[in-house]
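Protein chains in written order, with my numbering: chain S, 25 to 93; chain E, 31 to 313.
Right under this line is the structure:
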């Protein structure tokens, strides 16, 4: 079964966003460096990581609504 | 003012933070810096510098954890709880992940440091938004030093504003997300106090004694409690003696002796704590 089928709508949107990123996409969290492939891979397979990203996305949305026009 | 700048460089993350650090030094070049860069960023060198120089501010970029600030090649710590005595009363300004959680809290609570750091992992995006992360990471110290009359609280608030501005400016959503994460992980233990500890007794101590309640060690508190318990027992026994109720020669020994034992034990514990504190202070 395709792992992405089990994702919620928000998780699917984030996954699509990640897939749209250029191959040079790279970010750092603490000591760990994430490339585009690694981020997608972890997002699909690591539930804890996925939850962390979803939580960060939700917190950003709240922040933008609170501070936006 | 002398600033001790420490910047290990041994992995991809530190490659970035090293450059950010050099930009910070350049921005604050009118101040005196003592730099320990790359291979020089070891515990021995840091301790030597702190012992031999009149350092006011310690700036450390990059890796850390709850226990301290990680040395070159990830081998041990440049600064951890064991050498906090060397930074007593100084300012620690760091990018180190998680250091605000435990290390920074202890540095502030027990050694009167101003601690600037992060209580979660610091995250950043490489690419076109990276400069925003650098600006936010460096901003607090730049603001504080360039506005000499300002407080750390003002620097903290201004840096949060800088993060908000960066969130607006960031081109990618991912950068916005990471900037928000960093903004809310930023701590400045001077502008505000560390999170209340879990221990209920510690909370009571803080409520009763304020900042001093954060410094009291468990052994010291137990020693004081034992002494008061002993005094109580002795006084109680003395009153009974005055009333001629009890027999002072009965066995097992009566309260006075238990009280005396308790006072002596408490005294030894308190003295031992004091000796430990003096040893750390003048090591």
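Idealized CB from N, CA, C, for every residue including glycine.
query, result
"Other residues of its chain near residue 205 of chain E: CB distance less than 6 angstroms, five sequence neighbours each side excluded", "155, 159"
"Identified DSSP bridge partners for residue 41 of chain E", "In DSSP, residue 41 of chain E forms no bridge with anything."
"Within 8 angstroms of chain S by C-beta, residues of the segment 127 to 158 of chain E in sequence order", "127, 128, 151, 152, 153, 154, 155, 156, 157"
"Residues that residue 78 of chain S contacts on chain E, provided the C-beta gap is smaller than 7 angstroms", "Ordered by position in chain E, no residue passes the 7 angstroms Cβ test against residue 78 of chain S, which lies about 11 angstroms from the chain."
"6 angstroms Cβ shell around residue 73 of chain S - same chain, five flanking residues per side excluded", "66"
"Classification of residue 102 of chain E by the beta-carbon crowding that lies within 10 angstroms, buried from 16 upward", "buried"
"Touching by the beta-carbon criterion (3+ pairs, under 8 angstroms), the segment 124 to 141 of chain E and the segment 83 to 100 of chain E", "yes"
"Which of helix, strand or coil DSSP assigns to residue 85 of chain E", "coil"
"Bridge-paired residues (DSSP) for residue 94 of chain E", "E/99"
"Alpha-carbon spacing of residue 59 of chain E relative to residue 32 of chain E, whole angstroms", "11 angstroms"
"Those residues which DSSP pairs with residue 55 of chain E across a bridge", "According to DSSP, residue 55 of chain E bridges with nothing at all."
"Residue 311 of chain E versus E/141, E/90, E/55, residue with shortest Cα-Cα distance", "E/141"
"Rounded straight-line distance, which links the Cα of residue 118 of chain E to that of residue 264 of chain E", "40 angstroms"
"Beta carbon proximity, residue 197 of chain E to chain S, threshold 9 angstroms", "yes"
"Near-chain E residues of the segment 30 to 61 of chain S - C-beta to any C-beta below 9 angstroms", "41, 42, 45, 46, 48, 49, 50, 51, 52, 53, 54, 55, 56, 57"
"Residue 222 of chain E in three-state terms, based on DSSP", "strand"
"Between the CA atoms of residue 52 of chain S and residue 33 of chain S - distance to the nearest angstrom", "26 angstroms"
"Contiguous beta strand (DSSP E) assignments of at least 3 residues, all confined to the segment 152 to 184 of chain E", "153 to 155"
"Residue 87 of chain S, enclosing alpha helix (DSSP H) - first and last residue", "71 to 91"
"Where the alpha helix (DSSP H) containing residue 133 of chain E begins and where it ends", "133 to 141"
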